[in-house]
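Asks:
There are 4 protein chains.
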Amino acid sequence: MDIGFIGLGHMGGPMAKNLVKAGHSVKVFDLVDSAVTALVEAGATLSTSAQDAAIGADVLISMLPASQHVESLYLGEQGLFNTVDSSTLIIDCSTIAPETARSVASVAAGKGLTMIDAPVSGGTAGAANGTLTFIVGGSEEAVNRATPVLENMGKNIFRAGDSGAGQVAKICNNMLLAVLMSGTAEAIQLGVANGLDPRVLSDIMQKSSGRNWALELYNPYPGVMESVPSSNDYQGGFGVDLMAKDLGLAMESALQSRSSTPMGALARSLYAMHSSKGAGKLDFSSIQKLFSEL
Amino acid sequence: MDIGFIGLGHMGGPMAKNLVKAGHSVKVFDLVDSAVTALVEAGATLSTSAQDAAIGADVLISMLPASQHVESLYLGEQGLFNTVDSSTLIIDCSTIAPETARSVASVAAGKGLTMIDAPVSGGTAGAANGTLTFIVGGSEEAVNRATPVLENMGKNIFRAGDSGAGQVAKICNNMLLAVLMSGTAEAIQLGVANGLDPRVLSDIMQKSSGRNWALELYNPYPGVMESVPSSNDYQGGFGVDLMAKDLGLAMESALQSRSSTPMGALARSLYAMHSSKGAGKLDFSSIQKLFSEL
Amino acid sequence: MDIGFIGLGHMGGPMAKNLVKAGHSVKVFDLVDSAVTALVEAGATLSTSAQDAAIGADVLISMLPASQHVESLYLGEQGLFNTVDSSTLIIDCSTIAPETARSVASVAAGKGLTMIDAPVSGGTAGAANGTLTFIVGGSEEAVNRATPVLENMGKNIFRAGDSGAGQVAKICNNMLLAVLMSGTAEAIQLGVANGLDPRVLSDIMQKSSGRNWALELYNPYPGVMESVPSSNDYQGGFGVDLMAKDLGLAMESALQSRSSTPMGALARSLYAMHSSKGAGKLDFSSIQKLFSEL
Amino acid sequence: MDIGFIGLGHMGGPMAKNLVKAGHSVKVFDLVDSAVTALVEAGATLSTSAQDAAIGADVLISMLPASQHVESLYLGEQGLFNTVDSSTLIIDCSTIAPETARSVASVAAGKGLTMIDAPVSGGTAGAANGTLTFIVGGSEEAVNRATPVLENMGKNIFRAGDSGAGQVAKICNNMLLAVLMSGTAEAIQLGVANGLDPRVLSDIMQKSSGRNWALELYNPYPGVMESVPSSNDYQGGFGVDLMAKDLGLAMESALQSRSSTPMGALARSLYAMHSSKGAGKLDFSSIQKLFSEL
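Residue numbers (our numbering), protein chains in the order written: chain A, 114 to 407; chain B, 114 to 407; chain C, 114 to 407; chain D, 114 to 407.
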């Protein structure tokens with residue numbers, strides 16, 4: 114299949130590589146030359162512009178940092194919506210505001226184009242290993258068309274609803290993740306401060322009603338689990354600043370829908386505080402450091 | 114085995130019954146006559162006082178509402194510590210302040226007695242079905258002695274550490290549970306307010322990094338799961354006031370250990386607010402009602 | 114002076130009246146005919162369009178609900194920036210996002226126009242009595258020009274800084290106000306729940322380090338002060354939904370500047386929760402009802 | 114008047130000195146010899162024991178760190194309640210749990226003694242200058258008797274209600290103070306992060322509805338006010354750990370009365386976090402450092 118891929122950062126780069134490996138013909142573009150070069154070495158075709166990558170593609174994929182980049186890529190006179198063929202399926206994998214995802218997809222539809230939002234979770238390791246989760250918003254038909262391609266990059270493909278729903282579901286999930294990570298860190302510290310062994314306590318809670326993803330796979334307390342960021346000085350993984358960005362998107366959705374999210378809002382403030390103290394690049398499980406002397 | 118059992122409420126009653134079923138000779142006492150009668154009909158032996166139940170027992174079990182009841186039962190001139198034989202193993206299953214559990218066990222040790230704290234989780238259903246989880250604090254030897262008896266009432270027996278550690282671990286777990294439940298309720302409502310189906314969103318988060326016990330077994334949003342309190346007008350289950358009590362114990366432990374628990378403290382205030390609006394007897398998953406129009 | 118006034122709602126209407134009273138020649142416009150009629154009866158001149166009100170004005174004032182209304186009024190081909198004379202001083206009194214205020218003022222400057230942001234506090238009573246506080250952003254020169262006109266509508270004129278600074282300062286003030294009001298309500302309720310008379314406690318705190326605007330002028334507990342909303346079933350005053358809107362603007366500013374505002378974020382969630390339970394039209398001091406049985 | 118004074122720490126020392134200055138005959142006791150010596154040099158009489166200080170006093174004053182010290186001083190066989198004359202007025206100025214204050218006063222009443230609780234605010238400066246505020250719980254008659262003596266040490270004497278009410282009112286006030294200090298710090302930082310001058314913003318809020326004690330007398334942002342701790346590296350003043358202690362007392366009262374105090378609980382967690390990062394001895398306005406790079 115002919116695939117155009119725009120945005121070759123920490124996530125987009127390995128995702129595009131997996132498409133090459135799967136045998137697709139992938140034309141790539143990024144503003145950073147070295148990112149393009151790495152992909153070309155892996156077998157992708159160099160594009161000299163976003164337009165060049167998009168023209169003639171069966172599937173066009175974008176993986177960009179934020180809402181304004183997506184708007185800038187697709188909308189306006191220079192936007193790709195004036196370039197791509199009506200037969201091209203557009204998949205935006207960026208994590209952006211649901212409102213933007215909906216409005217961009219709506220402009221696409223107005224021009225006879227098909228676009229879906231497909232934000233991912235699973236981090237850079239998931240991108241490299243092809244084990245990402247895609248949370249997708251768009252028509253059933255469009256999501257079905259996208260699925261074989263997404264499966265070359267990920268393991269789980271969930272359709273959350275129509276356009277924008279992928280973004281909403283991802284935002285809700287990540288807000289919940291921040292809450293349970295903070296809550297887990299607090300609970301472990303409360304136990305440690307009262308004389309418990311963090312390993313024993315984590316094990317008990319994991320087998321009881323406190324069970325959650327953090328206890329299961331990503332314990333925030335150093336030394337409880339091997340091979341997680343907390344046992345490696347909180348290096349690697351999913352950064353504090355990225356979590357803060359997703360919590361910001363969650364708060365914007367809460368503001369627009371007038372939703373009350375006290376736990377999520379508190380988590381956002383804790384992550385913003387943690388970042389402002391210099392922890393922005395650490396893994397997000399380092400929120401433990403707010404509560405413990407580590 | 115000769116077992117004395119004191120405190121036959123919603124939890125203690127079915128727990129004692131399971132001991133009778135397991136073939137033990139169980140002497141029971143409660144201040145409420147009807148509770149005693151029900152047990153006697155099930156095959157237990159009537160005691161006319163706590164002392165009567167305690168004398169000659171191989172194992173003495175208590176299941177009482179709060180710290181002061183435990184102190185009052187065991188300490189002082191009339192207390193059971195002046196009654197029970199040094200060979201009796203004392204198991205307090207009440208959920209009380211760790212500090213109290215430690216000090217009472219310490220008095221016991223001073224008199225040559227062996228006492229462990231073994232608070233439970235699993236609710237009235239777990240008590241009835243013999244599937245409770247016991248989180249135990251005491252010496253390894255004492256916990257090993259207790260295990261066969263506890264296994265007649267529960268499925269999982271965890272030793273958290275020395276005296277009081279059972280209480281600490283239970284408190285940490287339940288604080289985390291309250292945070293997870295509130296966070297899950299908020300996340301689902303944020304999705305619903307942005308057009309998502311609560312079933313679809315719950316399913317996606319359960320398979321992603323938002324995964325937790327509430328999504329898995331106890332979804333707080335009505336209609337997502339059958340046979341949970343949220344689909345039955347939040348009747349049954351683990352009451353808001355009981356969760357508020359456990360959160361109070363968590364806060365006391367946090368105060369004494371000078372721990373910072375922002376998420377847990379917020380959960381406590383939300384549960385106290387929810388209770389003050391008349392929801393004290395509803396299941397604790399009804400915290401969803403603070404965020405949703407239900 | 115010839116003044117154009119656009120937006121004659123609960124705030125704008127009485128503000129425009131005070132300009133008429135002060136002897137100015139005021140041309141008014143609103144999409145709601147009855148609002149215009151009331152002003153014409155008070156001595157203002159009818160305009161048939163926003164353009165009509167703006168042409169030839171020495172000062173043009175707008176008082177609109179939200180950012181998008183301000184953008185829509187001034188920007189674009191039909192926008193007033195293409196209509197007003199370069200000698201006209203433009204004063205936007207709407208409470209909107211600082212970012213919008215800055216970008217709109219920047220467009221104005223690009224066209225050689227002078228525009229300041231001058232959001233108000235003091236509520237409908239302040240608007241009627243001409244005792245509003247204006248918190249102004251713009252050059253010193255522009256603010257000096259505006260001051261005599263603003264003094265016809267208000268008592269205090271503060272310059273917070275350059276364009277957008279008026280919005281920032283108002284947002285910060287109102288976020289703090291929400292925190293003070295919630296904190297005061299909690300503190301009074303804690304005292305009442307522990308047997309204190311809310312009047313005695315309020316008096317003590319007002320004379321101690323808990324002193325704040327709410328205790329001084331706007332006690333949230335019914336019966337402590339006469340002539341405040343809390344003693345009148347929380348009718349009148351500054352509505353819960355308006356406070357929620359301002360807290361939303363504060364949260365947006367916090368997100369954009371990556372600021373940690375845990376107290377403000379919690380206040381926002383409490384106000385959103387309070388509104389979702391049907392209290393949106395009550396005075397914002399009714400947050401007391403979240404904590405007390407009233 | 115013959116006054117016994119027990120507890121000569123940072124607060125008690127200067128308070129006792131002011132009684133000496135006022136012409137009273139003051140017998141003093143403290144476990145720390147140097148504290149006693151300083152008072153004796155100032156004109157007080159040495160007591161070799163608490164009993165010695167108490168015997169024959171018209172008024173007996175205690176100023177101790179926490180509930181357990183007060184219980185230990187007055188209760189039990191060695192307690193002063195078995196020593197003091199029935200004509201002695203007992204004034205406990207310690208800040209302790211209201212419950213303890215009530216129960217100790219009740220024991221006193223049972224022995225025919227009169228005791229009031231009179232916690233103070235105003236810090237070490239207020240103690241030295243005789244400008245403390247006393248918040249008093251006890252019968253009107255007892256408070257009237259105490260007033261002339263208290264006026265030798267303070268400026269404002271408030272009767273909050275019967276026994277324990279002084280403690281409740283002080284706790285409520287200090288919880289509110291922590292909330293408004295945190296909220297003020299957040300609001301200033303939000304303004305600074307959006308380009309405002311902290312002096313200008315503080316001035317505007319102080320003249321608007323954000324007005325509160327912190328903005329008025331104790332601005333937490335360095336450089337806004339002279340002669341406050343924030344402009345002196347947060348040295349001196351009222352320490353973070355003391356505020357954390359008072360917030361702990363507030364939380365205990367909230368737990369016992371099942372009150373919902375989300376803002377107060379959040380403030381407690383922020384102060385506990387701040388203390389755990391090494392700020393325990395700084396002035397409590399240093400909470401600004403959690404939000405700002407200072």
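Where a beta carbon is used, it is the ideal one built from N, C-alpha and C, also for glycine.
(1) With 8 angstroms as the threshold, decide whether the Cβ of A:Val292 is near any Cβ in chain B.
(2) Report yes if the C-beta distance between C:Ser388 and C:Val353 is below 8 angstroms; otherwise report no.
(3) Is A:Met376 close to chain D? Criterion is C-beta to C-beta, closer than 8 angstroms.
(4) Taking A:Gly239 as the reference, give the member of B:Val133, B:Ser321, B:Ala148 with the closest Cα.
(5) Who are the near neighbours of C:Arg258 in its chain, counting only those whose CB is closer than 7 angstroms to its CB and skipping five residues on each side?
(6) Of the residues D:Ile174, D:Ser398, D:Ile301, D:Gly377, which one's Cα is nearest the Cα of C:Gly296?
(7) So the beta strand (DSSP E) D:Met228 belongs to, where does it begin and stop?
(8) Can you tell which of A:Asn345, A:Lys358, A:Ile284 has the C-alpha that lies nearest to the C-alpha of B:Gly323?
(9) Between B:Gly243 and B:Gly279, which are expected to be in contact by the criterion C-beta below 8 angstroms, what is the C-beta distance as a whole number of angstroms?
(10) How big is the Cα-Cα spacing for B:Asn325 and B:Val233?
(11) Apply the 10 Å Cβ neighbour rule to D:Glu190 and answer buried if 16 or more other Cβ atoms are within range, or exposed otherwise.
(12) Along the chain, which unbroken stretches of the alpha helix (DSSP H) at least 4 residues long are found entirely within the segment 125–203 of chain A?
(13) Which residues bound the alpha helix (DSSP H) around C:Lys283?
(14) What residues in the segment 299–315 of chain C bring their beta carbon closer than 8 angstroms to a beta carbon of chain D?
(15) If contacts are defined as beta-carbon pairs under 8 angstroms, then D:Leu186 and D:Ala148 qualify, I think. What distance do you get, rounded to the angstrom?
(16) Are any of the Cβ atoms in chain B nearer than 8 angstroms to that of C:Glu365?
(17) Spatial neighbours of D:Gly274 within its chain, please: C-beta separation below 7 angstroms, excluding the five flanking residues on both sides.
(18) For the pair the segment 262–273 of chain A and the segment 359–367 of chain A, tell me if three or more CB-CB distances fall below 8 angstroms.
(19) Determine the direct distance from the alpha carbon of A:Gly225 to that of C:Leu395, and round the result to whole angstroms.
(20) With B:Leu245 and B:Gly267 assumed to form a contact (beta carbons below 8 angstroms), what rounded beta-carbon distance in angstroms separates them?
(21) If you measure between the beta carbons of D:Ala300 and D:Met318, is that distance less than 8 angstroms?
(22) Since C:Val220 is in the alpha helix (DSSP H), which residue starts that stretch and which ends it?
(23) So who's on the other strand from A:Gly352, going by DSSP bridges?
(24) At a CB distance below 9 angstroms, what residues from the segment 260–280 of chain C approach chain B? Give them in sequence order.
(25) Between the segment 376–406 of chain B and chain F, which residues of the former have a C-beta closer than 8 angstroms to a C-beta of the latter?
(26) Do you know how far the Cα of A:Tyr334 is from the Cα of A:Asp310?
(27) I think D:Val217 touches D:Leu188, with their Cβ atoms under 8 angstroms apart; what is that distance to the nearest whole Å?
(28) Going by DSSP in three states, A:Arg312 sits in which element: helix, strand or coil?
(29) Specify the secondary structure class of B:Asn265 as computed by DSSP and reduced to three states.
(30) Nearest to C:Leu303 by CA position, among D:Leu314, D:Val305, D:Val281, D:Asn307, is which residue?
(31) Rounded to whole angstroms, what is the Cα-Cα separation between B:Asp165 and B:Asn286?
(32) Taking 8 angstroms as the CB-CB cut-off, is C:Pro335 touching chain D?
(33) Taking the beta carbon of C:Gly136 as the centre, do at least 16 other beta carbons fall within 10 Å, making it buried, or is it exposed?
(34) Starting from D:Gly236, trace the alpha helix (DSSP H) in both directions and tell me its first and last residue.
(35) Is there contact here, the segment 164–183 of chain D with the segment 115–131 of chain D, by at least three beta-carbon pairs under 8 angstroms?
(36) Assign D:Thr213 to one of two classes, buried (16 or more other C-beta atoms within 10 Å of its C-beta) or exposed (fewer than that).
Replies: Here's the rundown:
(1) Interface with chain B (8 angstroms Cβ-Cβ cutoff): A:Val292 is included.
(2) For C:Ser388 and C:Val353, yes; Cβs fall inside 8 angstroms.
(3) So no, A:Met376 is outside the interface.
(4) For A:Gly239, the nearest C-alpha among the options comes from B:Ser321.
(5) Leu202, listed in sequence order.
(6) Ranking the options by Cα distance to C:Gly296, first place goes to D:Gly377.
(7) From DSSP, the beta strand (DSSP E) with D:Met228 extends over 227–230.
(8) Out of A:Asn345, A:Lys358, A:Ile284, A:Ile284 has the C-alpha closest to the C-alpha of B:Gly323.
(9) Not a contact, Cβ separation roughly 19 angstroms.
(10) Approximately 20 angstroms, taken between the alpha carbons.
(11) D:Glu190 is exposed by the Cβ-count criterion.
(12) The qualifying runs are 125–134, 146–154, 163–167, 180–187.
(13) Looking at the DSSP string, the run of the alpha helix (DSSP H) that includes C:Lys283 is 278–306.
(14) Result list: Glu299, Ala300, Ile301, Gln302, Leu303, Gly304, Ala306, Asn307, Gly308, Leu309, Asp310, Val313, Leu314.
(15) That pair is no contact at about 16 angstroms.
(16) At a cut-off of 8 angstroms between beta carbons, C:Glu365 makes no contact with chain B.
(17) If we look at D:Gly274 and ignore the five residues flanking it on each side, its Cβ neighbours are Gly250.
(18) In short, these stretches do not touch, since the Cβ pair count stays below three.
(19) Per the coordinates, the alpha-carbon of C:Leu395 lies some 47 angstroms from the alpha-carbon of A:Gly225.
(20) That pair is a contact at about 4 angstroms.
(21) Going by C-beta atoms, D:Ala300 is nearer than 8 angstroms to D:Met318.
(22) Element bounds for C:Val220: 211–223.
(23) Partner(s): A:Asp396.
(24) Listed by position, the residues of the segment 260–280 of chain C near chain B (Cβ gap below 9 angstroms) amount to none.
(25) Considering every chain present, this structure includes no chain F. Its protein chains are A, B, C and D.
(26) Pairing A:Asp310 with A:Tyr334, the inter-Cα distance amounts to about 11 angstroms.
(27) Taking 8 angstroms as the upper bound for CB-CB distance, D:Val217 and D:Leu188 are in contact here, some 7 angstroms apart.
(28) Helix at A:Arg312.
(29) Taken through DSSP and simplified to helix, strand or coil, B:Asn265 comes out as coil.
(30) Ranking the options by Cα distance to C:Leu303, first place goes to D:Val281.
(31) Rounded to the nearest angstrom, the two C-alpha atoms are 35 angstroms apart.
(32) No, no contact with chain D.
(33) Around the beta carbon of C:Gly136, fewer than 16 other beta carbons sit within 10 angstroms, so the residue counts as exposed.
(34) Per DSSP, D:Gly236 belongs to the alpha helix (DSSP H) from 236–242.
(35) Two segments are said to touch when three or more pairs of C-beta atoms, one from each, lie closer than 8 angstroms; by this definition the segment 164–183 of chain D touches the segment 115–131 of chain D.
(36) Looking at its Cβ environment, which holds 16 or more other Cβ atoms inside 10 Å, D:Thr213 is buried.
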